[in-house]
Amino acid sequence: MLPHRKTLAAAFLLSAAMSLPMAARAHDMWIVPSSTVLSGDTGWVTVDAAVGNDKFYFNHAPLRLDGLQIAGPAGAAVTPENVGRGKLRSTFDVPLAQQGTYRIAVVNDGVFARWKQDGQTKRYVGKPDGLAQAIPAQAQDLEVVQSLGRVETFVTQGKPTPLPPVGKGLELVPVTHPNDLFSGEPATFELRLDGRPAAGHEVTVVPAGGRYRDRTGEIALKTDKDGLVRITWPAPGLYWLQADAQDDKVSVPQASKRRLMYAATLEVLQP
């Protein structure tokens, strides 16, 4: 089991930097809106964000919101309201002033460093610009990993609108709109890495309610040569979709490799 972090920023970066697949780790991250599809001209959603053992249950720690990014239907940034952090979850409200689809994400781009100093293992988790001050000149066996993670969900007020690609890190590009998902019906998504189709990558989908089942109900998928992944939803409810990757395309000079993580909360409705 992963140890409890002293800071939640460290929790996010360490999770992205660890070599185990995200689905196998003890503490996962998610964002859950109060609704994913709303009618009318305007509206609100309240969003919970947490880190925990069980998907969509608040039993470990809040997800830090330093990297919170909300994009409205026209791509303009939306300012959250009533942002707060409790013992087990973070919360905020999102005003839905325009018709269309909103992308709500927590993005973290940082580094994880480990080295030996005076016979002891030292670590640094944070932003790249803090590396020089954190790592002493006499550091031995230095290892620096760049990490980029995105945890997100989607909310539509009225009619769904297209979601433009981000183009950086791992991301899910909808072929089937993420707010147009129904049980018993197929859905297709494209996984991209830095804007290009990510072929042959494993994608894990886990339904909510795992604490009430003997098994998690995990669905293991893999993208095809075009980066596409297809799933027919077995039942309505919330689903946690996750993928990760590793490469050497670093932008931090001291880093030797880059680890990437993506997770999304999707709601599947009854047809």
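Going by mature numbering (1 follows the signal peptide of the UniProt record, and there is no 0), the letters in the sequence shown line up with residues -26 to -1, 1 to 245, in that order. Every residue, glycine too, gets a C-beta built ideally from N, C-alpha and C. This one's a predicted model, so the numbers in the text were calculated from it and none came from an experiment.
Please say whether Ser64 and Pro47 have beta carbons closer to each other than 7 angstroms? Along the sequence shown, read from residue 1 onward, the residue named residue 47 stands at position 73. Along the sequence shown, read from residue 1 onward, the residue named residue 64 stands at position 90. Not closer than 7 angstroms, so no.
Report, in whole angstroms, the separation of the C-beta atoms of Ala209 and Pro181, which I expect to be a contact under 8 angstroms. Translated into positions along the sequence shown, residue 209 becomes position 235. Translated into positions along the sequence shown, residue 181 becomes position 207. The pair is a contact, with the Cβ atoms about 7 angstroms apart (cut-off 8 angstroms).
- Contact set for Ala71: own chain, Cβ-Cβ below 6 angstroms, skip 5 residues either direction: For this step, residue 71 is matched to residue 97 along the sequence shown. Excluding sequence neighbours, Ala71 sits near Thr16.
Look up Val57 in the DSSP assignment and say whether it is helix, strand or coil.
In the sequence shown, the residue the question calls residue 57 occupies position 83. Strand at Val57.
In DSSP terms, what Leu144 is bridged to:
Position 170 of the sequence shown holds residue 144. The partner list for Leu144 (beta bridge, DSSP) reads Leu167.
Check: For Leu122 versus Gly143, is the C-beta distance shorter than 7 angstroms?
Finding: Your numbering for residue 122 matches position 148 in the sequence shown. Your numbering for residue 143 matches position 169 in the sequence shown. Taking 7 angstroms as the Cβ cut-off, Leu122 and Gly143 qualify as a contacting pair.
**Prompt:** Taking all protein chains shown into account, do 16 or more other C-beta atoms lie within 10 angstroms of the C-beta of Thr53, making it buried, or fewer, making it exposed?
**Reply:** By 1-based counting over the sequence shown, the position of residue 53 is 79. Exposed, because fewer than 16 other Cβ atoms sit within 10 Å of the Cβ of Thr53.
Open item on the list: Just to confirm before moving on: does the CB-CB distance between Ile111 and Leu167 stay below 7 angstroms?
Closed with: Taking the first residue of the sequence shown as 1, we reach residue 111 at position 137. Taking the first residue of the sequence shown as 1, we reach residue 167 at position 193. In the sequence as displayed, the identity of residue 111 is Ala instead of Ile. No.
- With distances taken Cα to Cα, identify the nearest neighbour of Ile193 among Val177, Gly158, Val21, Tyr236. Here residue 193 refers to the residue found at position 219 of the sequence shown. Of the candidates Val177, Gly158, Val21, Tyr236, the one whose C-alpha sits nearest the C-alpha of Ile193 is Val177.
Report the rounded CA-to-CA distance for Val6 versus Ala23, giving the unit in angstroms. The count along the sequence shown starts at 1 and reaches residue 6 at position 32. The count along the sequence shown starts at 1 and reaches residue 23 at position 49. Rounded to the nearest angstrom, the two C-alpha atoms are 6 angstroms apart.
Original post:
How long is the line joining the alpha carbons of Arg140 and Ala229, rounded to whole angstroms?
Top reply: The count along the sequence shown starts at 1 and reaches residue 140 at position 166. The count along the sequence shown starts at 1 and reaches residue 229 at position 255. It is worth fixing the name first, because residue 140 is Val in this sequence and not Arg. For Val140 and Ala229, the distance between alpha carbons rounds to 23 angstroms.
Identify every run of the beta strand (DSSP E) within the region 69 to 117, keeping only runs that are complete inside it and at least 3 residues long; order them along the chain. 74 to 91, 94 to 100
Quick one: what's got a C-beta closer than 6 angstroms to Val57's C-beta in the same chain, skipping five residues either side? The residue you call residue 57 lines up with position 83 of the sequence shown. Excluding sequence neighbours, Val57 sits near Phe66.
So within the region 202 to 237, which uninterrupted alpha helix (DSSP H) runs reach at least 4 residues, ignoring any that extend past its ends? none
_Beta-carbon contacts of Pro152 that lie in its chain and below 6 angstroms, excluding the five residues immediately before and after_ = For the purposes of this step, residue 152 is taken as the residue at position 178 of the sequence shown. Cβ neighbours of Pro152 beyond the five flanking positions: Phe128, Leu240.
Against chain D, does Ala161 count as a neighbour if the rule is that its beta carbon must be under 7 angstroms from one of theirs?
Protein chains in the displayed structure number just one, and chain D is not present.
query = For the beta strand (DSSP E) that Pro7 lies in, which residues bound it at each end?
reply = By 1-based counting over the sequence shown, the position of residue 7 is 33. It spans 2 to 7 - the beta strand (DSSP E) in which Pro7 sits, taken as one unbroken run.
Practice problem: Assign Glu145 to one of two classes, buried (16 or more other C-beta atoms within 10 Å of its C-beta) or exposed (fewer than that). | Solution: Stepping through the sequence shown from its first residue, residue 145 is reached at position 171. Glu145 should be labelled buried.
Query raised in the report: beta strand (DSSP E) containing Asp22: first to last residue?
Result: Numbered from its first residue, the sequence shown carries residue 22 at position 48. From DSSP, the beta strand (DSSP E) with Asp22 extends over 17 to 26.
(message) Does Gly93 pass the burial test, meaning 16 or more other C-beta atoms within 10 Å, or should it be called exposed?
(response) One-based indexing of the sequence shown puts residue 93 at position 119. Gly93 comes out exposed.
Cα-Cα separation, Arg88 to His34
Translated into the one-based positions of the sequence shown, residue 88 becomes position 114. Translated into the one-based positions of the sequence shown, residue 34 becomes position 60. Between Arg88 and His34, the C-alpha separation is close to 25 angstroms.
Limits of the unbroken beta strand (DSSP E) element including Pro47
For the purposes of this step, residue 47 is taken as residue 73 along the sequence shown, with counting starting at 1. Run containing Pro47: none; DSSP gives neither H nor E here.
field: Span separating the alpha-carbon of Leu62 from that of Gly100
entry: Sequence index remark: in the sequence shown, residue 62 carries index 88 (1-based). Sequence index remark: in the sequence shown, residue 100 carries index 126 (1-based). Each residue's Cα considered, the two are about 22 angstroms apart.
Go ahead and label Ala50 buried or exposed: buried means 16 or more other beta carbons lie within 10 angstroms of its beta carbon, across all protein chains shown. As a position in the sequence shown, residue 50 is number 76, starting the count at 1. So Ala50 counts as exposed.
**Asked** Roughly how many whole angstroms lie between the Cα atoms of Asp198 and Trp207?
**Response** Residue 198 sits at position 224 when you count from the first residue of the sequence shown. Residue 207 sits at position 233 when you count from the first residue of the sequence shown. So the two alpha carbons sit approximately 19 angstroms from each other.
Among residues of its own chain, excluding the 5 on either side of Ala(-10), which ones have a beta-carbon nearer than 7 angstroms to its beta-carbon? Here residue -10 refers to the residue found at position 17 when the sequence shown is read from its first residue. Residue placement at Ala(-10) is flagged as unreliable, the pLDDT there being 39, under the threshold of 50; the coordinate-derived value follows with that caveat. Correct list, in chain order: Phe86, Val119, Ser121, Arg233.
| Gly14 to Val242 span [Cα, whole Å] | Walking along the sequence shown from the start, residue 14 turns up at place 40. Walking along the sequence shown from the start, residue 242 turns up at place 268. The alpha-carbon atoms of Gly14 and Val242 are separated by roughly 20 angstroms.
- prompt: Skipping 5 residues on each side, what residues in its chain have a beta carbon closer than 8 angstroms to that of Ala108?
  reply: Stepping through the sequence shown from its first residue, residue 108 is reached at position 134. Here the set comprises Ala87, Tyr98, Gly100.
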